[in-house]
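Peer 1: Chains as they are written, first to last, in my numbering: chain D, -16 to 325; chain W, 24 to 313.
Glycine included, each C-beta is placed from N, C-alpha and C at the ideal position.
Predicted model only: the values in this text are computed from it and were never measured.
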């Protein structure tokens, strides 16, 4: 197959049918330029198949993903209430307002805190847990199922449940009291100094299982021989973890961090459900996404909301690209997103 | 498997891999602790549904005593709950079907055809990973409104299919590419056309990948909140997440009932997850590794 440099394995498995369709083998036999019409026939046929197979997906994808994102950029230049065509062009006016708005600065700060704390809290704990659970212990598969439960439950349920537990008269304070830690009771949800930590507890609880599962999968792909070789050379358990496991787990950790950062920047559901659209900003847990909804749709300023969406997208994109450029570059896994662009 | 090597040479090194039988008690302790933390809030919700409001007020973190079943019965006999389950199921199944059918077709093209613009096409979908629904939600809402699909499950399903495609393509393309060329050649020698090959060979062979993708799409749809929040305003079209929230604000004083409703609404996802745990985990890690 590979002996034909120009043709792919696909095209040269087709010629028979192709020529028959286009005008018969006689013409091909007599003419030295035979391959040309054949090629055209397969080209045409291939184009048809590609259209039929890829068309629907591309139409849906462009209509409901690309087009709305483009639309957001367009509406972002208008003061627009969502009725009729946008006519009140304000140029970069919306963007000026966004970056001048104190509330947006706070929102940026909150998102920044959430990004950093998510990495700092979940990363180390998840690595340690994955190392522990990677040992050959009994009931490993059931443990794997159970730690994944919070990740599968929807944000709404998590928000509702935790919202009730963290009320001043809720289960968490009651539990703290009964185990003698009454001093740590707090107004978890409305005290601005504490609310963001409450949010971090909930986020960590919900998403750490995902990190652990990811790391476990990464650990299992490390060849067993390396551990054996190291231990034959007399390396201790912790030496092995530090010198072999962690470096080899690097790609998995980096890709997890990437997902975590993007997720933190887009955080909406949990905050919106627990704190609602107005309380979030006074409790200090508002995010870019809740700001967008509160100042966009809820107050009817669709143009402004779209501008916020664009800012949010650009921030995410800039961080994503920078991360891929500087952190993921050396990993093969990064190929999923970057490789094809070459 | 490596344990045997160590058993033959017990003097060598520390017994890292030898504790195959039971292992370190510390490990179990930490694992147990972690699982407790993971499950405690879930148990709180489930058990809370078996309590009365006065029980919850006097001892928020206590156990049910006596056990009360009227909260659960009340929810199970309400038509709202079943209607919302129905709506969520319709949205989930349709989204899954759409993502799977469109996804397999386009992934097949990307994996097995050579044509100009293929790289660009792949990038287009891969770039979709960068567009979370949050960013596009306002224009999506306007678009769906202009299409006349407000308060219509189709207004949720179509965008969910579109946003499910990038992950599907990323997972399925390597999967389909891994089908050996020889199979395709054999099929074509036997007279199968490209499309014939697609339907007779590719579709059956890609079932494992398709199941993973389908489960991811279903769970995402089942739990989705932001899009239904924008599109569905009529109570009769609510999906379960919207229903939970509406119920929680409607009965905000009746905590026990809210807990019962909440815990019943997580059962379908939990059952689904336990059945397909391996596939979900495999799919997620597979997706991450590209």
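Would you report the Cα separation of residue 67 of chain W and residue 122 of chain D, rounded to the nearest angstrom?
Peer 2: Taking the first residue of the second chain as 1, we reach residue 67 of chain W at position 44. Taking the first residue of the first chain as 1, we reach residue 122 of chain D at position 139. The alpha-carbon separation between residue 67 of chain W and residue 122 of chain D amounts to approximately 24 Å.
Peer 1: So which residues on chain W does residue 58 of chain D lean against when the C-beta distance must stay under 7 Å?
Peer 2: For the purposes of this step, residue 58 of chain D is taken as the residue at position 75 of the first chain. Residues of chain W passing the Cβ test: 162.
Peer 1: From the DSSP output, read off the bridge partner residues of residue 71 of chain D.
Peer 2: Counting from 1 along the first chain, the entry for residue 71 of chain D is found at position 88. The partner list for residue 71 of chain D (beta bridge, DSSP) reads D/62.
Peer 1: For residue 88 of chain D, is the classification buried or exposed, using 16 other Cβ atoms within 10 angstroms of its Cβ as the cut-off for buried?
Peer 2: Along the first chain, one-based indexing puts residue 88 of chain D at 105. Under this definition residue 88 of chain D is an exposed residue.
Peer 1: Terminal residues of the continuous alpha helix (DSSP H) containing residue 73 of chain W?
Peer 2: Position 50 of the second chain, counted from the start, is the residue given in the question as residue 73 of chain W. Segment: none, residue 73 of chain W is in no alpha helix (DSSP H) and carries neither H nor E.
Peer 1: Taking three-plus beta-carbon pairs below 8 Å as touching, is the segment 91 to 110 of chain W in contact with the segment 164 to 179 of chain D?
Peer 2: no
Peer 1: Who are the Cβ neighbours of residue 241 of chain D in its own chain at under 8 Å, not counting the five residues just before and after it?
Peer 2: The count along the first chain starts at 1 and reaches residue 241 of chain D at position 258. 303, 306, 307, 310, 311.
Peer 1: Determine the contact status of residue 179 of chain D and residue 267 of chain D, defining contact as a CB-CB distance below 8 Å.
Peer 2: Residue numbering aside, residue 179 of chain D sits at position 196 when the first chain is read from its first letter. Residue numbering aside, residue 267 of chain D sits at position 284 when the first chain is read from its first letter. Closer than 8 Å, so yes.
Peer 1: In whole angstroms, what separates the C-alpha of residue 15 of chain D from that of residue 211 of chain W?
Peer 2: Position 32 of the first chain, counted from the start, is the residue given in the question as residue 15 of chain D. Position 188 of the second chain, counted from the start, is the residue given in the question as residue 211 of chain W. Low confidence applies here, because residue 15 of chain D scores a pLDDT of 43, under 50, leaving its location unreliable and the question unanswered by this model.
Peer 1: Using a threshold of 8 Å, state whether the C-beta atoms of residue 256 of chain W and residue 174 of chain W are closer than that.
Peer 2: Reading the second chain from its first residue, position 233 is the one you call residue 256 of chain W. Reading the second chain from its first residue, position 151 is the one you call residue 174 of chain W. Yes, the Cβ-Cβ distance between residue 256 of chain W and residue 174 of chain W is below 8 Å.
Peer 1: So residue 289 of chain D contacts chain W; which residues on that side make the cut at Cβ distance below 7 Å?
Peer 2: Along the first chain, read from residue 1 onward, the residue named residue 289 of chain D stands at position 306. Chain order gives the chain W residues near residue 289 of chain D as 161, 162, where near means a beta carbon separation below 7 Å.
Peer 1: What does residue 51 of chain D reach in chain W if we use C-beta pairs closer than 7 Å?
Peer 2: As a first step, residue 51 of chain D is located in the first chain; it is residue number 68 there, counting from the start. Neighbourhood of residue 51 of chain D in chain W, by CB distance below 7 Å: 159, 162, 163, 166, in chain order.
Peer 1: What number of angstroms, rounded off, separates the C-alpha of residue 223 of chain D from the C-alpha of residue 232 of chain D?
Peer 2: Start at 1 with the first residue of the first chain, and residue 223 of chain D comes out as number 240. Start at 1 with the first residue of the first chain, and residue 232 of chain D comes out as number 249. Computed Cα separation, rounded: 12 Å.
Peer 1: Does any C-beta atom of chain D lie closer than 8 Å to the C-beta of residue 54 of chain W?
Peer 2: Position 31 of the second chain, counted from the first residue, corresponds to residue 54 of chain W. Yes - at least one Cβ of chain D is within 8 Å of the one on residue 54 of chain W.
Peer 1: According to the Cβ coordinates, are residue 44 of chain D and residue 185 of chain W closer than 8 Å?
Peer 2: For the purposes of this step, residue 44 of chain D is identified with residue 61 of the first chain, where counting begins at 1. For the purposes of this step, residue 185 of chain W is identified with residue 162 of the second chain, where counting begins at 1. Contact annotation: residue 44 of chain D and residue 185 of chain W have beta-carbon atoms nearer than 8 Å.
Peer 1: Rounded to a whole number of angstroms, what is the C-alpha to C-alpha distance between residue 78 of chain D and residue 101 of chain D?
Peer 2: As a first step, residue 78 of chain D must be located in the first chain, where it is residue number 95. As a first step, residue 101 of chain D must be located in the first chain, where it is residue number 118. Computed Cα separation, rounded: 28 Å.
Peer 1: Under 8 Å between C-beta atoms, does residue 246 of chain W make it to chain D?
Peer 2: Position 223 of the second chain holds residue 246 of chain W. Chain D, which has a Cβ nearer than 8 Å to the Cβ of residue 246 of chain W, makes this yes.
Peer 1: Consult DSSP for residue 268 of chain D and reduce its assignment to one of helix, strand or coil.
Peer 2: The residue given as residue 268 of chain D occupies position 285 in the first chain. Of the three classes helix, strand and coil, the one that applies to residue 268 of chain D here is coil, per DSSP.
Peer 1: With distance defined between alpha-carbon atoms, name the residue in D/128, D/149, D/60 nearest to residue 58 of chain W.
Peer 2: Mapped onto the second chain, residue 58 of chain W falls at position 35. Ranking the options by Cα distance to residue 58 of chain W, first place goes to D/128.
Peer 1: Keeping to the same chain, check which residues put their C-beta closer than 7 Å to that of residue 168 of chain D; ignore five residues upstream and five downstream.
Peer 2: The residue you call residue 168 of chain D lines up with position 185 of the first chain. The answer, listed in chain order, is 156, 159, 160.
Peer 1: Spatial neighbours of residue 300 of chain D within its chain, please: CB distance less than 6 Å, with the 5 preceding and 5 following residues excluded, ordered by chain position.
Peer 2: Working through the first chain from its first residue, we reach residue 300 of chain D at position 317. By the criterion of a C-beta distance shorter than 6 Å, residue 300 of chain D is surrounded by no residue of its chain, once the five residues flanking it on both sides are discounted.
Peer 1: Closer than 9 Å by beta-carbon distance: list the chain D residues that pair up with residue 107 of chain W, in chain order.
Peer 2: Position 84 of the second chain, counted from the first residue, corresponds to residue 107 of chain W. Per Cβ cutoff of 9 Å: no residues; residue 107 of chain W is ~12 Å from chain D at best.
Peer 1: When you compare the CB of residue 298 of chain W with every CB in chain D, is at least one pair closer than 8 Å?
Peer 2: For the purposes of this step, residue 298 of chain W is taken as the residue at position 275 of the second chain. Not an interface residue.
Peer 1: Out of curiosity, what's the CA-to-CA distance linking residue 61 of chain W and residue 114 of chain W?
Peer 2: As a position in the second chain, residue 61 of chain W is number 38, starting the count at 1. As a position in the second chain, residue 114 of chain W is number 91, starting the count at 1. Cα-Cα distance, rounded: 29 Å.
Peer 1: Just reading off the alpha helix (DSSP H) that residue 157 of chain D is part of, what are its end residues?
Peer 2: Locating residue 157 of chain D in the first chain gives position 174, where the first residue counts as 1. Looking at the DSSP string, the run of the alpha helix (DSSP H) that includes residue 157 of chain D is 154 to 161.
Peer 1: Going by the CB atoms, is the gap between residue 94 of chain D and residue 197 of chain D shorter than 8 Å?
Peer 2: Along the first chain, one-based indexing puts residue 197 of chain D at 214. Along the first chain, one-based indexing puts residue 94 of chain D at 111. It is not a contact, given that the beta carbons lie outside the stated cut-off.
Peer 1: Only counting runs of 4 or more residues, tell me where the alpha helix (DSSP H) segments fall wholly within the segment 218 to 305 of chain W, in order along the chain.
Peer 2: 230 to 246, 249 to 254, 263 to 273, 278 to 298
Peer 1: Going by C-alpha distance, which of W/237, W/269, W/94, W/128 is nearest residue 320 of chain W?
Peer 2: This structure gives no information on residue 320 of chain W, because the portion of chain W shown stretches from 24 to 313.
Peer 1: Three-state secondary structure (DSSP) at residue 307 of chain D?
Peer 2: Locating residue 307 of chain D in the first chain gives position 324, where the first residue counts as 1. Residue 307 of chain D: helix per DSSP, three-state reduction.
Peer 1: Spell out whether any CB of chain W is found under 8 Å from the CB atom of residue 309 of chain D.
Peer 2: Reading the first chain from its first residue, position 326 is the one you call residue 309 of chain D. No - not a single Cβ of chain W is within 8 Å of the one on residue 309 of chain D.
Peer 1: Which residue's Cα is closest to the Cα of residue 74 of chain D: D/296, D/49, D/225, D/290?
Peer 2: Along the first chain, one-based indexing puts residue 74 of chain D at 91. Per the Cα distances, D/290.
Peer 1: Exposed or buried, residue 278 of chain W, counting other C-beta atoms within 10 Å across all chains shown (16 or more means buried)?
Peer 2: Locating residue 278 of chain W in the second chain gives position 255, counting from the first residue. Label assigned to residue 278 of chain W: buried.
Peer 1: Tell me where the alpha helix (DSSP H) around residue 175 of chain W begins and ends.
Peer 2: In the second chain, counting from the first residue as 1, residue 175 of chain W sits at position 152. Taken as a continuous stretch (DSSP letters only), residue 175 of chain W belongs to no alpha helix (DSSP H), as it is neither H nor E.
Peer 1: Mind checking the segment 27 to 40 of chain D against chain W and listing, in chain order, the residues whose C-beta falls within less than 7 Å of any C-beta there?
Peer 2: 29, 32, 33, 36, 37, 39, 40
Peer 1: Spell out a yes or no on whether the segment 100 to 114 of chain D and the segment 245 to 265 of chain W are touching, meaning 3 or more CB-CB pairs, one atom from each, closer than 8 Å.
Peer 2: Because the criterion of three Cβ pairs below 8 Å is not met, the segment 100 to 114 of chain D and the segment 245 to 265 of chain W do not touch.
Peer 1: Please list the partners that residue 242 of chain W has in chain D, where partner means a Cβ-to-Cβ separation under 8 Å.
Peer 2: Reading the second chain from its first residue, position 219 is the one you call residue 242 of chain W. Per Cβ cutoff of 8 Å: 135.
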